[in-house]
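Have a look at the structure below, then the notes.
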Amino acid sequence: MPYHVSKGGSLESGEFKFVHYTSAESAMHIIKNRQVWMRNAQCMNDFMELEHGYECLIEAYNSDPEGKKFQAVIESAHPGLPKDIAQLFDSWMPHLRNSVFIACLSEHPPDEDNYGRLSMWRAYGGNQPVALVLNNTPFLSDTSLLGVFSTPVIYQEVEDFRAEFGKLASRLEQAKDILVQMGRDNLRNTLFELIKIYVLGTKHPGFSEEREWRVFYTPELGRSEHVESEIVSVKGVPQEVHKVPLRDIPEIDFHGAIPDLLHRVIIGPSDQQVVMGQTFKKLLTDAGCEDVDSKVHYSGIPLR
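Residue numbers (the UniProt record's numbering): 1 to 304.
In structure tokens:
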């Protein structure tokens, strides 16, 4: 996954942090309850993008030469495996459509620390928007025991996706001996996870300015004792949500406590900035944060 490897390197080098643009009310609940809700992908405002990722994958997998090369490499390592992978993924795609739970973050470069991003203020949070800027530590950790994973979104049409798929095939070809050593079942499971990430993390290029990363949880493929679920009503729609805890869980080496996780809060363009700023300072103090005056900032963008 060449693109994903490149993005992972940028994350590790500290080129950006993460940010969650949302309403002041939702941000308040995140901090007060020490948890983030993950909602069904069908409830997302751009839920059809899952279909876009699936269509890109099918086109690339069956393409010539990119897809044929990918299948040939896998076939030479373990005969019959490409067919098994296709059948496995087809059987699980209905579950991914209906039972994957997602939270969305955006890359946050240093030059957006003071004001945030205009397009995101316009798109998210309504009349009282807030941005929660997050440190990278939890995203650099192995979260497999938590059962929650993150992936950068790749913004491509089918043609560009085929080219990316071709790069992947070339890398696999160079590592053919390793593919053989992995064993059939291990390689099948690894490629299934890879294909799943491509489907969940591919969007139309028109969304590219969002610079999104998706945090996803697929309980049908493995539930976590640390992630609770509940039926709630969101804007009048009863639905199941899964709650990722924002606290340290030493037994699985997860570090997500708010004082360490939260870099800053940016109060978005609003006629209630002063009140919200004072309120979020109190919320952060109650959550155990220190020097809260330095953590709460006001966007000066004169958005109307």
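Yeah, the Cβ is synthetic: ideal placement off N, Cα and C, and Gly gets one too.
Please report the distance separating the alpha-carbon of residue i from that of residue j.
| i | j | result |
| --- | --- | --- |
| Thr218 | Val36 | 15 Å |
| Lys17 | Ala131 | 12 Å |
| Met276 | Ile266 | 10 Å |
| Arg211 | Phe280 | 26 Å |
| Gln273 | Val158 | 43 Å |
| Met38 | Phe101 | 5 Å |
| Leu262 | Tyr198 | 29 Å |
| His95 | Val227 | 19 Å |
| Ile178 | Phe192 | 17 Å |
| Val237 | Ala24 | 20 Å |
| Glu220 | Ile301 | 43 Å |
| Leu81 | Glu66 | 17 Å |
| Pro269 | Leu50 | 31 Å |
| Ile154 | Leu105 | 14 Å |
| Lys203 | Glu75 | 29 Å |
Restricting to Cα atoms, I'd like to know which of the options is closest to residue i.
| i | options | result |
| --- | --- | --- |
| Gln251 | Ile301, Ser144, His204, Thr190 | What sits at residue 251 in the sequence shown is Glu, not Gln. With distances taken between Cα atoms, Glu251 lies closest to Ser144. |
| Pro79 | Glu220, Leu187, Lys167 | Leu187 |
| Phe216 | Glu173, Glu209, Phe207, Gly201 | Gly201 |
| Lys243 | Asp253, Arg223, Thr22, Asp260 | Arg223 |
| Ala41 | Phe161, Trp121, Arg97 | Arg97 |
| Lys83 | Gly8, Gly206, Met93, Tyr61 | Tyr61 |
Assign residue i to one of three DSSP states: helix, strand, or coil.
| i | result |
| --- | --- |
| Gln35 | strand |
| Gln239 | strand |
| Leu132 | strand |
| Thr137 | helix |
| Tyr115 | coil |
Counting C-beta neighbours from all protein chains within 10 Å, is the total for residue i 16 or more, i.e. buried, or is it exposed?
| i | result |
| --- | --- |
| Thr151 | buried |
| Ser10 | exposed |
| Leu168 | buried |
| Thr137 | exposed |
| Pro129 | buried |
| Ile231 | exposed |
| Glu107 | buried |
Kindly indicate the opening and closing residues of the beta strand (DSSP E) around residue i.
| i | result |
| --- | --- |
| Glu173 | Looking at the DSSP string, Glu173 is not in any beta strand (DSSP E); the run it does join, the alpha helix (DSSP H), is 158-174. |
| Thr190 | Taken as a continuous stretch (DSSP letters only), Thr190 belongs to no beta strand (DSSP E), being part of the alpha helix (DSSP H) at 184-200. |
| His20 | 17-23 |
| Ile102 | 101-108 |
Check whether the Cβ of residue i lies closer than 7 Å to any Cβ atom in chain C.
| i | result |
| --- | --- |
| Phe161 | The structure shown contains no chain C; it holds only a single protein chain. |
In terms of residue numbering, what span does the alpha helix (DSSP H) encompassing residue i cover?
| i | result |
| --- | --- |
| Arg214 | No alpha helix (DSSP H) contains Arg214, which is instead part of the beta strand (DSSP E) from 212-217. |
| Leu284 | 273-286 |
| residue 306 | Residue coverage of the chain in this structure runs from 1 to 304, which leaves residue 306 outside it and unanswerable. |
| Leu262 | Unbroken run through Leu262 is the beta strand (DSSP E), 262-267; no alpha helix (DSSP H). |
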